[in-house]
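Undergrad: Structure below; questions to follow.
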Amino acid sequence: MVMGYGYGMMGGWGGFGLGWLFMLVWWGLILAVLVGLIRWLFTGHSGDSGARSDSKRHLDILKERYARGDIDRDTYDRMRRELES
């Protein structure tokens, strides 16, 4: 006996509707949150940590230049004060 539902009760979607799409969006959201949390944990919590690491890197370069003899003591001291302020 045919009830007049040519593709079944869900109209041919196999009973799933658009549930699979929402499931993909849900797992994508969970993955994005996890990746963001892991990056946040491994890069540091403070917002100015990038500025501190840049300053340290610049001081290291300055020390290397002084050690190689590229700059004299007065220039080193002046540039160090500028970087630390």
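Position 17 of the sequence shown, counted from 1, bears residue number 16 in numbering that gives the first Met the number 0, the numbering being contiguous throughout.
We treat Cβ as the ideally placed atom computed from N, Cα and C, and that holds for glycine.
(1) Using a Cβ-Cβ cut-off of 8 Å (strictly less than) and excluding sequence neighbours within five positions of L40, which residues of its own chain qualify?
(2) Taking the alpha helix (DSSP H) that H82 belongs to, which residues open and close that run?
(3) What's the gap between the Cα of R67 and the Cα of G35?
(4) Might you give, ordered along the chain, the residues of its own chain that have their beta carbon closer than 8 Å to the beta carbon of L82, omitting 5 neighbours on each side?
(5) Which of helix, strand or coil does DSSP assign to D69?
(6) List the endpoints of the continuous alpha helix (DSSP H) containing L17.
TA: For this structure:
(1) In the sequence shown, the residue the question calls residue 40 occupies position 41. Correct list: empty, nothing qualifies.
(2) The sequence position of residue 82 within the sequence shown is 83, counting from 1. Inspection of the sequence shows that residue 82 is occupied by Leu rather than by His. Here the alpha helix (DSSP H) through L82 covers R72 to E83.
(3) The residue you call residue 67 lines up with position 68 of the sequence shown. The residue you call residue 35 lines up with position 36 of the sequence shown. Between R67 and G35, the C-alpha separation is close to 41 Å.
(4) Mapped onto the sequence shown, residue 82 falls at position 83. S54, H57, L58 and L61, listed in sequence order.
(5) Start at 1 with the first residue of the sequence shown, and residue 69 comes out as number 70. In the structure shown, D69 sits in coil (DSSP, three-state: anything other than H, G, I, E or B).
(6) For the purposes of this step, residue 17 is taken as residue 18 along the sequence shown, with counting starting at 1. Taken as a continuous stretch (DSSP letters only), L17 belongs to no alpha helix (DSSP H), as it is neither H nor E.
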